[in-house]
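Per my numbering, the very first residue in the sequence shown carries number 15; after that it's consecutive.
Quick notes on the structure that follows.
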Amino acid sequence: MAFPQEWMDELLSKNEITEVVSSYVALKPKGRKLWACCPLHGEKTPSFSVSPDKQLFYCFGCHAGGTVIQFIMDMEHLTFIEAVKLLAERAHMELPEEKNDRELLRLRAYRERLYAANKAAARFYCEQFLGPNGQPGRDYAQRRGLVKDIILRFGIGYAPEGWDNLMKHLMAQGFSEKELLDAGLLVKNPNSGRVYDAYRNRLIYPILGVGGQVLGFGGRVLDDSKPKYINTGDTPIYNKRNNLYGLYLQKGMKLADLIMVEGYMDVIGLYKAGVTNAVASLGTALTEQQARLLKRYVDTVYIAYDGDAAGQNATIRGLEILSHEGLSVRVIVFPDDLDPDEYVQIYGKAGFDALKANAYSLHAFKIEAMARQYDLGNENGREQFAVKACAFVGTLQPVEQERYYKLIAQKTGYEIESLREQGKRGEGYTEKPLRFSRGTYRRRSAQDEDQKELLLRTMLTCAVKDKKALAALKAAGAGEMLTEPYKALFAALDEPGFSFAAYVGAQERQEAEKLTALIRDEQNMVEPEKTALDCLKRLQQLDQEDRLSDLQRELKRTDLSEGERAALLQQITNLIRAKK
Ligand SMILES: [Zn+2]
């Protein structure tokens, strides 16, 4: 949904950032900013700042930052649109007129119908669980140790035996067959065309969205028949790839981390044992969307999948997706192939906390997974494992290597010195190259990249602060040097009526954080025009150096024709001349 610019401006002006932030945390003035201990991450000395003249906040500790909208998104774990709606409500503003858009209104009304149908269905299943037909469900729940508190907390219900109990009940309430089919509550046999209840003789777990609305259901059989679970497929109001079971329970909680598990019963079992911060991906391998959803709540995620081989593979994929989204990830490994629910039933919360405290890092888990591929009971197995694991450790930062060599030494009994030697040889380990989405940029050493990023940012800070610096940079063609999100910002900076706060407010969270960082050091910037041009010049030099080394590398190829060689030499000569 796009909000009109004037409406957004009004929203921002009626939600003065210091007022909104003050309703969460007490601000103290110092210099041109107001300060507090950051409400988004735990801390004892204030590094959270609000700048009233810019209408932005920035935390020097956790680097969260942006407009009042971003603040509400972070604080309340909301999406951009949800946060805008909350602020509109706070300022008693009507949402922008949508009544002209018939199609949008119709769609929204239809979705509301599906939510209502799901809610009525959830209520029906709960009533059935408690009623005379519910005995099989209650017996099963008792066997699984589902006590009353837990049943109520998770809204667990029961779909009775029979083909049309729910259908009759909901149609009597005025829901149409099409609505119930679209919500996934009924299914249609493609051959006979017969329509019947999707869930029969199953325990029902409603899947709730973060707003508390019922999105869909999971149904588990009461015995060992197959399929064990039936879950709502994609509907107009539910997509399993975008949701996490149990996340709605985390709303308004101050979270240090989240525990990622596989199934409903893991979330519920952990909750019962007192571990209330677990969420599950629903019948799907962890997706990027889910990783981004997690990132809205926490920076650290523990993966706690089943200890079996399938669980191990899912864990490695999950680790990669989560760390790709910038989350810090650790792995809880359960002994004896237990799943999380089984584990806490035996060892309780204390046992779980102990495992969590000893959770593996990403690297350690990879080494553990490698070790499982070999029989460490014999010399050959130990040797093969050591070669592979050392080669992997050899690719890590030198300071990280030490503890992993120790780990390998423990597993194999080899001397750390010889493992280190082996690691230096770097043989026997290959990993798929990292995906790089930066287009034409080739990967340079990390140091080069850091230097470039710093120069870019300083240059842009000057452009944001000072109109003359901006004009000078535009005249010098600096726009061509930039990648997103900087490029778009740079183009927008001299548009009439440009507001940095409004611009940042319209960005995705990651981009908004990057852009907000630009105004962090603004006050310390002197001579912005000169600084900007110096940065640009240095960036151009670095680019030329990169280009030169590319060409020189190219020249070493043995399959070049005389003509190609001559052309390369010409380009190199030109570049060297241009440098002088
Ligand atoms: Zn912070």
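Note that CB positions come from ideal geometry on N, CA and C, so glycine has one too.
Rounded C-alpha distance that separates residue i from residue j
i    : j    : result
F379 : C73  : 32 Å
Y419 : E382 : 13 Å
E527 : Q554 : 26 Å
L529 : V518 : 7 Å
A505 : G493 : 7 Å
Y500 : R471 : 9 Å
Q436 : A405 : 7 Å
A485 : F512 : 15 Å
N291 : D248 : 26 Å
A123 : L469 : 51 Å
Q326 : T301 : 16 Å
K68  : T32  : 11 Å
G145 : Q187 : 20 Å
L217 : F17  : 43 Å
E498 : A477 : 16 Å
I430 : A400 : 11 Å
D508 : K488 : 10 Å
G80  : L532 : 11 Å
A460 : E96  : Note that A460 has pLDDT 49, beneath the 50 cutoff, so the model's placement of it is unreliable and no number is given.
Bounding residues of the alpha helix (DSSP H) (the contiguous stretch that carries residue i)
i    : result
Y259 : Y259 -> no alpha helix (DSSP H), and no H or E assigned at all.
I381 : 376-386
T59  : Run containing T59: none; DSSP gives neither H nor E here.
R344 : From DSSP, R344 is part of no alpha helix (DSSP H) but of the beta strand (DSSP E) over 342-345.
T545 : 542-569
Y517 : 514-519
V34  : 31-36
Start-to-end residues for the beta strand (DSSP E) that takes in residue i
i    : result
A292 : 292-294
M495 : Careful: M495 lies outside any beta strand (DSSP E) and carries neither H nor E.
K202 : 200-202
Y357 : Unbroken run through Y357 is the alpha helix (DSSP H), 354-371; no beta strand (DSSP E).
A173 : 171-173
S239 : From DSSP, S239 is part of no beta strand (DSSP E); its letter is neither H nor E.
Y72  : 70-73
T314 : 314-317
For residue i, three-class secondary structure by DSSP
i    : result
F231 : strand
Y154 : helix
E445 : Note that E445 scores 47 on pLDDT, short of 50, meaning its location in the model is unreliable; the coordinates nonetheless yield the value given after this. In this structure, E445 counts as coil in the three-state DSSP scheme.
Y418 : helix
P43  : strand
M274 : strand
F189 : coil
P250 : coil
G80  : strand
W49  : strand
T472 : helix
V224 : coil
Y210 : strand
S459 : Residue placement at S459 is flagged as unreliable, the pLDDT there being 48, under the threshold of 50; a coordinate-derived value is accordingly withheld.
D23  : helix
R310 : coil
Minimum C-alpha distance to residue i - residue among the options
i    : options                : result
E364 : L300, M89, G288        : Checking the sequence shown, residue 364 turns out to be Ala, not Glu. Checking every option, the nearest Cα to that of A364 belongs to G288.
R310 : E20, T298, Y278, Q264  : Q264
K368 : F348, F62, V281, G225  : It is Ala, not Lys, that sits at residue 368 in the sequence shown. Cα-wise, what sits closest to A368 is F348.
Q557 : S575, K479, L589       : The question names Gln, but residue 557 is Asp in the sequence shown. That would be L589, whose Cα lies nearest to the Cα of D557.
I244 : N215, R46, G225        : N215
V345 : Q566, I360, Y374, L336 : Y374
A546 : M473, L25, R127        : M473
A520 : G56, T93, C76          : T93
L109 : G80, L25, S63, E568    : L25
Y428 : L390, E543, K370       : L390
V315 : G283, G232, L128, I273 : I273
V224 : L583, Y259, Q19, R208  : Y259
L261 : M279, G226, R571       : G226
beta-carbon residue i near ligand 2 non-hydrogen atom, thresh 8 Å
i    : result
R439 : Ligand 2 is not part of this structure, which contains only ligand 1.
Any residue whose CB is nearer than 6 Å to a heavy atom belonging to ligand 1, listed in chain order
C52, L54, H55, F62, C73, G75, C76, A78
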